[in-house]
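Chemist: Residues in the sequence shown are numbered from 1 upward in steps of one, following full-length UniProt numbering.
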Amino acid sequence: MSGSSVTSLRDVIHRHLIPAGPRVLTAHDRLDVPVRWVHSSEIFEIGPLLSGGELLLTTGLGLGGLDAGTRRHYVRDLAERGVAGIAFEIGRTFDAVPEEMVREGSSVGLPIIELNRVLPFIDICRDANTAIVSDEIDELRLRTALDDALHDDLVAPGGVARMLAHVAETTGRALVLVGAGGALLAVHGVDDDRSAWRLVDASPVSVPVIVRDREIARLVASGDGPEMPLSQLTALLRVATGPIASTLTRSGARHSAVGARLVEEMVGGRALRRADLIARLASAGVPAVNSTRLVTVAADALDPRMAESVLTRAAAATSGLVQATIDATVFGLVAAPPDAEDPVDHVADAVDKAAGGPGRITVVVGETFRLGDSSPGIEIVAAIADSLRNNARRLDRAALHVREDRTRRVFTGRELVADDVVHALDAQTRSDLQSLVAPLVEHDARQSTQLVATLDVHLRHGCSATRSAAALHIGRQSLYQRLDRIRSLLGFDPTAAAVYPSMLLAVNASRASTGLDI
């Protein structure tokens with residue numbers, strides 16, 4: 001069902017103006033703007049009568065007795081009103097399009113097409129406008145057919161993946177759905193994650209997926225595909241956002257409704273007493289006594305049900321779980337076993353094992369809260385709620401790490417604090433940090449190497465050659481060669497104790513500078 005049904009200025013020129021010998025004089029890069037109507041007029045003050053998107057045909061009769069400044073104003077006024085272009089027939093009033101009009105058209109980006117042969121304007125308007133109306137009907141049919149298919153998908157197996165397949169069939173484009181936290185949620189028409197991120201970085205068009213006035217994801221289309229105006233492509237993508245939002249926010253029914261409601265209220269900011277928290281946890285089947293230690297979790301996945309399933313499997317190694325899906329992000333409270341030495345690490349390890357292998361799921365495990373540590377009041381509930389929201393906010397930080405290391409998918413909040421620090425820095429300090437690794441960034445860009453990632457892994461593994469090489473999946477000799485190259489490019493040893501903290505922050509600053517803004 002792919003194809004273009006929006007009439008562009010280029011279409012009108014090729015379909016209807018060729019017999020008039022058209023010559024484009026200005027704004028050659030604006031020929032793909034949509035034309036909504038073709039109109040002819042010799043009135044100088046025609047601007048207020050136009051609504052935008054028109055191609056105006058004129059012989060210049062109304063401009064003949066005007067000075068150059070007034071004619072420039074005529075062009076500028078039409079451009080400001082959103083006119084698609086001016087088709088100017090020469091030979092009657094003017095032997096050529098006035099130079100001042102050409103200069104003004106170039107300045108304001110308004111296409112001016114010189115018509116060198118007489119062609120009845122009434123014929124042009126009739127033929128072109130008939131075609132425009134026909135094209136608009138075709139586009140409406142295309143959008144209606146896509147809308148029908150997507151609403152059928154709401155009650156069919158396949159979820160978001162099935163919907164993207166229908167959108168791709170209609171638009172002829174590869175598609176990527178990126179969560180608000182920066183994680184890949186779903187793709188169609190790309191081979192792997194790396195290709196998906198390249199598409200996202202290069203795409204000319206994307207649309208937000210909105211739920212309750214909050215952006216929960218962004219649908220991105222590739223620039224490669226059948227010829228189609230961006231306005232039409234954007235409109236077709238927007239048709240998909242409602243059904244996609246509905247699918248993303250659909251919670252699994254198999255989980256405790258009491259526990260899900262508790263998590264929803266906490267994330268939403270509702271004030272709860274500690275006694276209410278304990279009672280509702282107990283009602284949801286989670287042990288809730290003073291010694292209970294709760295660990296907060298947030299997760300993004302291709303489909304929220306994937307993340308729910310992972311957390312459910314991980315709960316087998318813990319004392320209990322309540323979770324809820326809110327705007328496509330899964331939030332959870334996990335009760336750590338009494339014998340867990342480090343509850344955060346225990347939960348992170350359980351989630352990692354439950355995920356089974358590298359995949360399109362990103363998880364942030366937050367802080368530990370002992371129910372008995374708070375005096376009566378709402379302090380502990382507010383702290384837990386803040387931790388849940390912080391985990392969700394840190395998912396985009398974690399997604400940047402995933403792009404560098406595809407084998408990781410579970411991160412702890414404490415390891416992402418450095419990323420938070422970098423994002424909170426003023427621009428000058430961030431620039432100073434980035435300059436420490438700038439030679440490596442430039443070398444990576446020129447030579448397609450991975451020196452920044454190598455340094456990051458080496459620093460995070462305590463500069464252990466054995467552990468770093470294993471994490472990078474390379475031999476120790478290859479690691480030593482990379483480290484020598486890093487020292488050579490930087491002009492100093494980045495692993496020296498004096499600069500070690502600064503270099504860790506510098507690598508984080510470099511990573512943050514390449515993050516997605518969606």
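Using N, Cα and C, we set each Cβ at its ideal position, and we do this for glycine too.
#1: Quickly, what does DSSP pair glycine 85 with across the bridge? List them, please.
#2: Which word fits alanine 496, buried or exposed, when buried means at least 16 other C-beta atoms lie within 10 angstroms of its C-beta?
#3: Tell me whether the beta-carbon of residue 520 lies closer than 8 Å to the beta-carbon of isoleucine 113.
#4: What does DSSP give as the partner residues of glutamine 232 in its beta bridges?
#5: Check whether the stretch 78-89 touches the stretch 51-61, taking contact to mean three or more Cβ pairs, one atom from each stretch, closer than 8 Å.
#6: If you pair each beta-carbon of the stretch 56-65 with each one of the stretch 145-152, do three or more pairs fall below 8 Å?
#7: Cβ of alanine 186 within 8 Å of Cβ of leucine 154?
#8: Going by beta carbon distance, what residues of the same chain come within less than 7 Å of glutamate 100, once the five residues before and after it are set aside?
#9: For the beta strand (DSSP E) that isoleucine 326 lies in, which residues bound it at each end?
#10: Leucine 17 and valine 24 look like a contact to me (Cβ under 8 Å); what is the Cβ gap, rounded to whole Å?
#11: Taking C-alpha atoms, which residue in Arg270, Val267 and Leu333 lies nearest to alanine 282?
#12: Hey, how far is the Cα of alanine 465 from the Cα of aspartate 419?
#13: For proline 98, count neighbouring Cβ atoms within 10 angstroms of its own Cβ and tell me buried if that reaches 16, exposed if not.
#14: How close, in whole Å, do the beta carbons of arginine 394 and leucine 416 come, if the pair is a contact with beta carbons under 8 Å?
#15: Counting only the same chain and skipping the five closest in sequence on each side, list residues whose C-beta sits under 6 Å from that of leucine 476.
#16: Run through the DSSP bridge pairs and tell me what phenylalanine 369 is partnered with.
#17: Looking at the structure shown, is serine 251 part of a helix, part of a strand, or coil, going by DSSP?
#18: Rounded to a whole number of angstroms, what is the C-alpha to C-alpha distance between valine 289 and threonine 368?
#19: Can you tell me whether DSSP reads valine 155 as helix, strand or coil?
#20: Which first and last residues belong to the alpha helix (DSSP H) in which isoleucine 90 is found?
#21: Counting beta carbon pairs with one atom in the stretch 266-279 and one in the stretch 334-352, are three or more of them shorter than 8 Å?
#22: Have a look at aspartate 224 and arginine 218 and give me their C-alpha separation to the nearest angstrom.
#23: Helix, strand or coil for glycine 377, going by three-state DSSP, please let me know.
#24: With a threshold of 16 other CB atoms inside 10 Å of the CB of asparagine 116, please say whether the residue is buried or exposed.
#25: Where in the stretch 92-180 do unbroken runs of the beta strand (DSSP E), each at least 3 residues long, occur, reported from the N-terminal end onward?
#26: Under the three-state reduction of DSSP, which class applies to threonine 449: helix, strand or coil?
#27: With respect to the beta strand (DSSP E) encompassing valine 421, which residues constitute its N-terminal and C-terminal limits?
#28: Pick out whichever of Ala424, His401, Arg467 and Gly65 has its Cα sitting closest to the Cα of valine 452.
#29: Going by the CB atoms, is the gap between serine 319 and proline 304 shorter than 8 Å?
#30: Which runs of the beta strand (DSSP E) spanning at least 3 residues fall entirely within the stretch 187-223, listed in chain order?
#31: Among Phe411, Thr329 and Asp29, whose alpha-carbon lies nearest the alpha-carbon of alanine 245?
#32: Are the CB atoms of leucine 311 and valine 351 nearer to each other than 8 Å?
#33: Hey, would you say leucine 455 sits closer than 8 Å to isoleucine 474, going by beta carbons?
#34: Since histidine 39 is in the beta strand (DSSP E), which residue starts that stretch and which ends it?
#35: Look at the alpha carbon of alanine 427 and the alpha carbon of aspartate 396, and state the distance between them as a whole number of angstroms.
#36: Evaluate glycine 269 with the Cβ neighbour count: other Cβ atoms within 10 Å of its Cβ, from every protein chain shown; 16 or more gives buried, anything less gives exposed.
Modeler: The structure says:
#1: Counting from 1 along the sequence shown, the entry for residue 85 is found at position 85. Leu55.
#2: On the sequence shown, residue 496 is found 496 positions in, with the first residue counted as 1. Exposed.
#3: No answer is possible for residue 520: it lies beyond the span of the chain, which begins at 1 and ends at 518.
#4: As a first step, residue 232 must be located in the sequence shown, where it is residue number 232. According to DSSP, glutamine 232 bridges with nothing at all.
#5: Touching, per the Cβ criterion.
#6: No: fewer than three Cβ pairs fall under 8 Å.
#7: Position 186 of the sequence shown, counted from the start, is the residue given in the question as residue 186. Position 154 of the sequence shown, counted from the start, is the residue given in the question as residue 154. Cβ distance not < 8 Å, so alanine 186 and leucine 154 don't count as in contact.
#8: As a position in the sequence shown, residue 100 is number 100, starting the count at 1. Within the same chain, and ignoring the five residues on either side of glutamate 100 in sequence, the residues whose Cβ sits closer than 7 Å to its Cβ are Ala68, Arg71 and Arg72.
#9: Against the sequence shown, residue 326 aligns to sequence position 326. It spans 320-326 - the beta strand (DSSP E) in which isoleucine 326 sits, taken as one unbroken run.
#10: Residue mapping note: residue 17 aligns to position 17 of the sequence shown, counting from 1. Residue mapping note: residue 24 aligns to position 24 of the sequence shown, counting from 1. A Cβ-Cβ distance of about 10 Å is found for the pair leucine 17 and valine 24, leaving them out of contact under the 8 Å criterion.
#11: Mapped onto the sequence shown, residue 282 falls at position 282. Among Arg270, Val267 and Leu333, the Cα nearest to that of alanine 282 is on Leu333.
#12: Numbered from its first residue, the sequence shown carries residue 465 at position 465. Numbered from its first residue, the sequence shown carries residue 419 at position 419. The alpha-carbon atoms of alanine 465 and aspartate 419 are separated by roughly 24 Å.
#13: As a working note, residue 98 is residue 98 in the sequence shown. Buried: at least 16 other Cβ atoms inside 10 Å.
#14: As a working mapping, residue 394 is identified with position 394 in the sequence shown. As a working mapping, residue 416 is identified with position 416 in the sequence shown. The pair is a contact, with the Cβ atoms about 5 Å apart (cut-off 8 Å).
#15: Counting from one through the sequence shown, the residue named residue 476 turns up at place 476. Going by the sequence as given, residue 476 is arginine instead of leucine. Cβ neighbours of arginine 476 beyond the five flanking positions: Ala465 and Ala469.
#16: Position 369 of the sequence shown, counted from the first residue, corresponds to residue 369. Answer is Leu294, bridged to phenylalanine 369.
#17: On the sequence shown, position 251 is the one that residue 251 refers to. For serine 251, the predicted structure reports a pLDDT of 41, less than 50, and the residue's modelled location is therefore unreliable. A value from the coordinates is still provided. Here serine 251 sits in coil by DSSP.
#18: Position 289 of the sequence shown, counted from the start, is the residue given in the question as residue 289. Position 368 of the sequence shown, counted from the start, is the residue given in the question as residue 368. The C-alpha of threonine 368 is placed about 15 Å away from the C-alpha of valine 289.
#19: Along the sequence shown, read from residue 1 onward, the residue named residue 155 stands at position 155. Under the three-state reduction of DSSP, valine 155 is assigned to coil, being neither helix nor strand.
#20: In the sequence shown, residue 90 corresponds to position 90, counting from 1. Per DSSP, isoleucine 90 lies in no alpha helix (DSSP H) segment and is marked neither H nor E.
#21: Contact fails between the stretch 334-352 and the stretch 266-279, because fewer than three Cβ pairs, one in each stretch, are under 8 Å apart.
#22: Reading the sequence shown from its first residue, position 224 is the one you call residue 224. Reading the sequence shown from its first residue, position 218 is the one you call residue 218. Their Cα atoms are separated by approximately 18 Å.
#23: Counted from its first residue, the sequence shown places residue 377 at position 377. Only weak support exists for where glycine 377 lies, its pLDDT of 49 falling under 50; the value from the coordinates is given anyway. In the structure shown, the three-state DSSP call for glycine 377 is coil.
#24: To locate residue 116, count along the sequence shown from 1; it is residue 116. Taking a 10 Å sphere around the C-beta of asparagine 116, we find fewer than 16 other C-beta atoms and assign the residue as exposed.
#25: Listed in chain order, they are 112-115 and 175-179.
#26: Here the question's residue 449 lines up with position 449 in the sequence shown. DSSP places threonine 449 in coil when its eight states are reduced to three.
#27: Taking the first residue of the sequence shown as position 1, residue 421 is located at position 421. Going by DSSP, valine 421 is part of no beta strand (DSSP E) but of the alpha helix (DSSP H) stretching over 417-424.
#28: Numbered from 1 along the sequence shown, position 452 holds the residue referred to as residue 452. Selection Ala424, His401, Arg467 and Gly65 evaluated against valine 452 yields His401 as nearest (Cα-Cα).
#29: Here the question's residue 304 lines up with position 304 in the sequence shown. Here the question's residue 319 lines up with position 319 in the sequence shown. At a Cβ-Cβ threshold of 8 Å, proline 304 and serine 319 do not count as neighbours.
#30: Those beta strand (DSSP E) runs which fall completely within the stretch 187-223 and span 3+ residues are 205-211 and 214-221.
#31: For the purposes of this step, residue 245 is identified with residue 245 of the sequence shown, where counting begins at 1. Looking at the Cα atoms, Thr329 is the closest of the given residues.
#32: Locating residue 311 in the sequence shown gives position 311, where the first residue counts as 1. Locating residue 351 in the sequence shown gives position 351, where the first residue counts as 1. Yes.
#33: Stepping through the sequence shown from its first residue, residue 455 is reached at position 455. Stepping through the sequence shown from its first residue, residue 474 is reached at position 474. Cβ atoms of leucine 455 and isoleucine 474: not closer than 8 Å.
#34: Position 39 of the sequence shown, counting from 1, holds the residue named residue 39. It spans 37-40 - the beta strand (DSSP E) in which histidine 39 sits, taken as one unbroken run.
#35: For the purposes of this step, residue 427 is taken as the residue at position 427 of the sequence shown. For the purposes of this step, residue 396 is taken as the residue at position 396 of the sequence shown. Whole-angstrom Cα-Cα distance: 20 Å.
#36: As a first step, residue 269 is located in the sequence shown; it is residue number 269 there, counting from the start. Glycine 269 counts as exposed, since fewer than 16 other beta carbons sit within 10 angstroms of its beta carbon.
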